[in-house]
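Residue numbers (our numbering): 370 to 568.
The structure appears below as structure tokens.
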Amino acid sequence: MQRRIRKDVSRTPYYEEYAYILDVLPFAPPRVVSRTRWQGPIAQAIGEDYFTLLELIPRPGVSLEIGERVFIGKGRRDKVSKILGRISYDDLTATAKDELRRIVEMIVEKHEERFVKFFNEAQPLTTRLHSLELLRGVGKKLLWDILKEREKKPFESFDDIKARTRLSDPKKAIVERILEELTGNEKYYLFVRWRRPSF
Numbered sequence: 370m371q372r373r374i375r376k377d378v379s380r381t382p383y384y385e386e387y388a389y390i391l392d393v394l395p396f397a398p399p400r401v402v403s404r405t406r407w408q409g410p411i412a413q414a415i416g417e418d419y420f421t422l423l424e425l426i427p428r429p430g431v432s433l434e435i436g437e438r439v440f441i442g443k444g445r446r447d448k449v450s451k452i453l454g455r456i457s458y459d460d461l462t463a464t465a466k467d468e469l470r471r472i473v474e475m476i477v478e479k480h481e482e483r484f485v486k487f488f489n490e491a492q493p494l495t496t497r498l499h500s501l502e503l504l505r506g507v508g509k510k511l512l513w514d515i516l517k518e519r520e521k522k523p524f525e526s527f528d529d530i531k532a533r534t535r536l537s538d539p540k541k542a543i544v545e546r547i548l549e550e551l552t553g554n555e556k557y558y559l560f561v562r563w564r565r566p567s568f
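The following block contains the structure:
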């Protein structure tokens, strides 16, 4: 089935600057060899800003560790020689899948301000569906609570959201949504992007 991706307002191209290593393979799998002819070591990783799943070639003699944050942007890369390209969730190794939740939780915690901003600025997707309703546990009643509270005063942290609404774990709600977007065939994509997020 073809993956449906919600169109973004901006068509500005984006690039991941940093990624977290999910797994390191001593030899490239057959699907990579057939496509690129590369047979050496590769790493599977997830981008820090847009949660792009990627495969990378480490620099010769460089050891990458699971959970390590590496620079993959333009310019001199100390540990990564080449980005082979995007991959899907199904392409991840068992180890990478096991590490995915932990790494996503780490990214969300590190960038709490960005995700709190989402709670403050999220808009309706249609006349009947608000983007906040895509978070697990957010129904119509809780949605209106969140909208009323943010109108009074913008949320300042996950703890602030938790204290002022009935959403018991905002961080977990964000993490679960990101994992759903990475693993499923979602109609709407809030955080996993092919283009720059609109918030």
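Cβ atoms here follow ideal geometry from the backbone N, Cα and C, with glycine treated the same way.
Note that the structure is a prediction, hence the values are computed from the model and not measured.
> Since Arg438 is in the beta strand (DSSP E), which residue starts that stretch and which ends it?
Replying inline: As a first step, residue 438 must be located in the sequence shown, where it is residue number 69. Segment Arg438 to Phe440, the beta strand (DSSP E) holding Arg438.
> Between Arg497 and the ligand SAM, is the CB less than 7 Å from at least one heavy atom?
Replying inline: With respect to the ligand SAM, the structure offers nothing, as it holds no ligand at all.
> Which one of Leu511, Val439, Arg438 and Gly409 has the shortest CA to CA distance from Pro429?
Replying inline: If you number the sequence shown from 1, residue 429 lands on position 60. Distance check between Pro429 and each of Leu511, Val439, Arg438 and Gly409 places Gly409 closest, using alpha-carbon atoms only.
> When DSSP labels each residue in this structure, what does Ala532 get in the three-state scheme?
Replying inline: As a working note, residue 532 is residue 163 in the sequence shown. Three-state result, Ala532: helix.
>> With DSSP as the reference, identify every bridge partner of Gln413, one or two as the case may be.
In response: Along the sequence shown, one-based indexing puts residue 413 at 44. The partner list for Gln413 (beta bridge, DSSP) reads Asp392 and Glu424.
>> Closest to Trp407 by C-alpha separation, out of Val485, Lys540 and Ile452, would be which residue?
In response: Here residue 407 refers to the residue found at position 38 of the sequence shown. Nearest to Trp407 by alpha-carbon distance, out of Val485, Lys540 and Ile452, is Ile452.
> Where does the unbroken beta strand (DSSP E) through Ile472 begin, and where does it stop?
Replying inline: As a first step, residue 472 must be located in the sequence shown, where it is residue number 103. Looking at the DSSP string, Ile472 is not in any beta strand (DSSP E); the run it does join, the alpha helix (DSSP H), is Ala463 to Lys479.
>> Suppose you measure from the CA of Arg455 to the CA of Leu422; what does that come to, to the nearest Å?
In response: The count along the sequence shown starts at 1 and reaches residue 455 at position 86. The count along the sequence shown starts at 1 and reaches residue 422 at position 53. Approximately 6 Å, taken between the alpha carbons.
>> DSSP three-state label for Arg445, please.
In response: By one-based count along the sequence shown, residue 445 stands at place 76. The three-state reading of DSSP puts Arg445 in coil, since its state is none of H, G, I, E or B.
> With a Cβ-Cβ cutoff of 8 Å, do Phe527 and Val485 count as a contact?
Replying inline: Taking the sequence shown and counting its residues from 1, the one referred to as residue 527 is at position 158. Taking the sequence shown and counting its residues from 1, the one referred to as residue 485 is at position 116. Taking 8 Å as the Cβ cut-off, Phe527 and Val485 qualify as a contacting pair.
> Since Phe440 and Glu386 are thought to touch, with beta carbons under 8 Å apart, how far apart are those beta carbons, to the nearest angstrom?
Replying inline: Here residue 440 is taken as the residue at index 71 of the sequence shown, counted from 1. Here residue 386 is taken as the residue at index 17 of the sequence shown, counted from 1. That pair is a contact at about 7 Å.
>> Based on DSSP bridge pairs, tell me the residues matched to Lys451.
In response: Position 82 of the sequence shown holds residue 451. Assignment of beta-bridge partners to Lys451 by DSSP yields Ile426.
> Cα separation between Glu437 and Thr496?
Replying inline: For the purposes of this step, residue 437 is identified with residue 68 of the sequence shown, where counting begins at 1. For the purposes of this step, residue 496 is identified with residue 127 of the sequence shown, where counting begins at 1. The alpha-carbon atoms of Glu437 and Thr496 are separated by roughly 42 Å.
> Residue range of the alpha helix (DSSP H) that Trp407 falls in?
Replying inline: As a working note, residue 407 is residue 38 in the sequence shown. For Trp407, there is no enclosing alpha helix (DSSP H), since its DSSP letter is neither H nor E.
> Are there 16 or more other CB atoms within 10 angstroms of the CB of Ser500, so buried, or fewer, so exposed?
Replying inline: As a position in the sequence shown, residue 500 is number 131, starting the count at 1. The residue in question, Ser500, is buried, as its Cβ has 16 or more Cβ neighbours within 10 Å.
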